[in-house]
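First comes the structure, then the notes that go with it.
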Amino acid sequence: MKQPASTFVFHEQEVAGVAFRAMVETGRVVLQMQNSSGRESSVDLIARHSPCRVSATPKMAGSVAA
Numbered sequence: 003m004k005q006p007a008s009t010f011v012f013h014e015q016e017v018a019g020v021a022f023r024a025m026v027e028t029g030r031v032v033l034q035m036q037n038s039s040g041r042e043s044s045v046d047l048i049a050r051h052s053p054c055r056v057s058a059t060p061k062m063a064g065s066v067a068a
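Residue numbers (this note's numbering): 3 to 68.
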């Protein structure tokens, strides 16, 4: 049975209006960046399946990343 994904933010730093978060998720380590307007992107630093996955997701102002 597949276990639900869990996320743990182990470091967060804001530089020049951009928040950087290093996160551990089930099966991967992710670096996530979010600017002051809510635009978010992330890159897998260590992953089980696709280490080169990069995503950029626009977010609505005031929304919270899952």
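C-beta: ideal position from N, C-alpha, C; glycine also. Since this is a predicted model, take the numbers as computed values, not measurements.
- As the crow flies, the alpha-carbon of ARG41 is around 25 angstroms from that of GLY29.
- Taking 4 residues as the shortest admissible run, the stretch 10-37 contains no complete alpha helix (DSSP H) segment at all.
- The three-state secondary structure of SER43, taken from DSSP, is strand.
- The alpha-carbon of GLY19 is positioned some 9 angstroms away from that of GLN36.
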